[in-house]
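I have placed the structure first, in the form of structure tokens, so that the comments after it can refer back to it.
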Amino acid sequence: MPDSDQNASATTFNQFASDNYAGICPEAWQAMQAANSGYVTSYGDDYWTERACEQIRRIFETDCQVFFVFNGTAANSLALASLCRSYHSVICHDLAHVETDECGAPEFFSNGTKLLHVPGPGGKFDLAEVERTITRRSDIHYPRPRVLSLTQATEVGTVYSATEISAASELARSYGLRVHMDGARFANAVASLDVAPADISWRAGVDVLCLGGAKNGMAVGEAVVFFDRELAEEFEYRCKQAGQLASKMRFISAPWIGMLEGDTWLKNARHANSCAALLAEQLSAIDGIRIMYPQQANSVFVEMPEAVADRLRVAGWRFYSFIGSGGARFMCSWQTSRDEVMQLAGAVRKAFSQDI
Ligand SMILES: *Cc1c(COP(=O)(O)O)cnc(C)c1O
Numbered sequence: 075m076p077d078s079d080q081n082a083s084a085t086t087f088n089q090f091a092s093d094n095y096a097g098i099c100p101e102a103w104q105a106m107q108a109a110n111s112g113y114v115t116s117y118g119d120d121y122w123t124e125r126a127c128e129q130i131r132r133i134f135e136t137d138c139q140v141f142f143v144f145n146g147t148a149a150n151s152l153a154l155a156s157l158c159r160s161y162h163s164v165i166c167h168d169l170a171h172v173e174t175d176e177c178g179a180p181e182f183f184s185n186g187t188k189l190l191h192v193p194g195p196g197g198k199f200d201l202a203e204v205e206r207t208i209t210r211r212s213d214i215h216y217p218r219p220r221v222l223s224l225t226q227a228t229e230v231g232t233v234y235s236a237t238e239i240s241a242a243s244e245l246a247r248s249y250g251l252r253v254h255m256d257g258a259r260f261a262n263a264v265a266s267l268d269v270a271p272a273d274i275s276w277r278a279g280v281d282v283l284c285l286g287g288a289k290n291g292m293a294v295g296e297a298v299v300f301f302d303r304e305l306a307e308e309f310e311y312r313c314k315q316a317g318q319l320a321s322k323m324r325f326i327s328a329p330w331i332g333m334l335e336g337d338t339w340l341k342n343a344r345h346a347n348s349c350a351a352l353l354a355e356q357l358s359a360i361d362g363i364r365i366m367y368p369q370q371a372n373s374v375f376v377e378m379p380e381a382v383a384d385r386l387r388v389a390g391w392r393f394y395s396f397i398g399s400g401g402a403r404f405m406c407s408w409q410t411s412r413d414e415v416m417q418l419a420g421a422v423r424k425a426f427s428q429d430i
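Going by the numbering used here, the final residue of the sequence shown carries number 430, and the count climbs one at a time with no gaps.
This is the structure we're talking about:
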């Protein structure tokens, strides 16, 4: 098959599977290209990386310490490892990415720190459950709770308010725990709440934020943002040891400049969120569909008959279904168009009509 045909077939399927199916947004691409001239010093000791760090400090309005790694699993795992000793534990939600989707990397990089997962409705913590988990035991046979890890936006597309984060942080702090935030979709949360990034991070008690880049429109890369600089001590060694120190760092850091300088990160997130809102509106009008969680970020989770989901797949639509029987996740990105949303809604209606 000639190359051009391959390219065509690679780009023509319909999908709401994940925001990481999207490409690189123009602003990130241009910033990467701008960094591609002349010789530049390596391993992060360069102008682009410095500027990217400054942009992150600007949007968070504080003098935080910033590190760039390749992906979210590394960001979360290394951040958690830096907060814990091997006999500590991290409290996270049942659905947390660190628990369900990181192949044990947080435990691996922290040399045995245990994840204790607790339930809560809508992908968010039930703080009474968190407190029970912290206080259940205090003997040396139980891994000592050390970190509370929140995901913002959550794995089911809901968003913690600033007040909810503060309440969780205060509870954590009252027992001497630190607060980690998995912000793979932090931009979507900021856009959804329309707040200052600081209000749902350090001002609400977050010590370390893993700030997502890839799902927001970059090729690769997440930033680990330490609001408590002491916690960042020797973090660069962890990055290097874990194979997360890019030698041509500028190509990971420069896109952040493109994302942050003109507030592209929020423009992308607002767009993805609004596509999800449109989709939720369309799907909720269909008889037989139940929206499973409030649509607050860039995803919509629905319950629909298995036969309808099967027909959608046969018609070429890609999406995830992993939450309960019949549950489907539709995820929007910076690249999703409102046309695509309407096409999907039409395809769902058609799949239902075949049912009768
Ligand atoms: C995608 C995602 C990550 C990062 O995953 P990687 O594939 O390791 O980049 C982390 N947390 C959440 C909630 C995610 O959805």
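The beta carbon of each residue, even a glycine, is placed where N, CA and C say it ideally should be.
Keep in mind it's a predicted model, so treat the numbers as computed, not measured.
message: Following a CB-centred definition, is His171 positioned closer than 7 angstroms to any heavy atom of ligand 1?
response: yes
task: Mind checking which residues open and close the alpha helix (DSSP H) that includes His167?
output: Element bounds for His167: not the alpha helix (DSSP H) but the beta strand (DSSP E), 162-167.
- prompt: By Cβ distance, which residues of its chain are closer than 7 angstroms to Thr147, with the 5 residues on each side in sequence left out?
  reply: Glu176, Ala179
Inter-residue spacing [alpha-carbon to alpha-carbon] between Phe62 and Trp276: Residue 62 lies beyond the stretch modelled for the chain, which goes from 75 to 430, so this question has no answer here.
field: Pick from Thr115, Glu380, Thr225 that is closest to Gln428, judged by C-alpha positions
entry: Glu380
task: Please look up how many angstroms separate the CB atoms of Arg46 and Leu340, rounded, as I've assumed it's under 8 angstroms.
output: The structure shown does not extend to residue 46, since the chain is modelled only from 75 to 430, so the question has no answer here.
task: Consider the C-beta atom of Ala288 and the heavy atoms of ligand 1; say whether any pair is separated by less than 7 angstroms.
output: yes
- request: Please report how far the alpha carbon of Phe142 lies from the alpha carbon of Ala371, in whole angstroms.
  value: 24 angstroms
Three-state class that DSSP yields for Cys284 in the structure shown: strand
task: Taking all protein chains shown into account, decide if Val192 is buried (16 or more other Cβ within 10 angstroms of its Cβ) or exposed.
output: buried
task: Go ahead and label His215 buried or exposed: buried means 16 or more other beta carbons lie within 10 angstroms of its beta carbon, across all protein chains shown.
output: exposed
query: Between the Cα of Asp273 and the Cα atoms of Thr174, Ala126, Gln226, Met366, which residue gives the shortest distance?
result: Gln226
Residue burial classification, Gly279 (beta-carbon count within 10 angstroms, cutoff 16): buried
task: Please confirm if the segment 388-408 is in contact with the segment 89-109, defined as three or more CB-CB distances below 8 angstroms between the two stretches.
output: yes
message: Residues in the same chain with beta-carbon distance under 6 angstroms from Gly197, minus the five sequence neighbours each way, listed in chain order, please.
response: Leu169, Thr228, Glu229, Val230, Thr232
- prompt: Counting only runs that start and end within the segment 349-404, where is the beta strand (DSSP E) found for 3 or more residues in a row?
  reply: 373-377
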